[in-house]
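Peer 1:
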Amino acid sequence: MVALLRFLVLGLVLAFVFCVIMGRLTGQPVWRERGMNVLKWGVVLAMIAFGGFILRRAALFM
Numbered sequence: 026m027v028a029l030l031r032f033l034v035l036g037l038v039l040a041f042v043f044c045v046i047m048g049r050l051t052g053q054p055v056w057r058e059r060g061m062n063v064l065k066w067g068v069v070l071a072m073i074a075f076g077g078f079i080l081r082r083a084a085l086f087m
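Just so you know, we're using the working numbering here: the sequence shown kicks off at 26 and counts up by one.
1. Considering Cα atoms alone, identify which of L85, R81, R82 and I73 is closest to L33.
2. Under 8 Å: do the region 74-81 and the region 52-59 share three or more Cβ pairs, one atom per stretch?
3. Helix, strand or coil for F43? Go by DSSP, reduced to three states.
4. Please report the Cβ distance between G67 and G48, rounded to the nearest whole angstrom; I am assuming they are in contact, meaning their Cβ atoms lie under 8 Å.
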């Protein structure tokens, strides 16, 4: 499960970097929008992952 999470995070980071570079090279705003969408979903993924880790740790105290 952790390996899948790491793979998703790596993919999102690489996609974000690619979109930022393409936005700088071409000057088209569509690349900035795509990069912001990738960043948004990366934050959502991080919140879900941290929530899962917190719930898993909280289950030990119950």
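Every residue, glycine too, gets a C-beta built ideally from N, C-alpha and C.
Peer 2: Quick answer:
1. Position 8 of the sequence shown, counting from 1, holds the residue named residue 33. The option with the nearest alpha carbon to L33 is I73.
2. no
3. Position 18 of the sequence shown, counted from the first residue, corresponds to residue 43. F43: helix per DSSP, three-state reduction.
4. Stepping through the sequence shown from its first residue, residue 67 is reached at position 42. Stepping through the sequence shown from its first residue, residue 48 is reached at position 23. Not confirmed; about 16 Å, so no contact.
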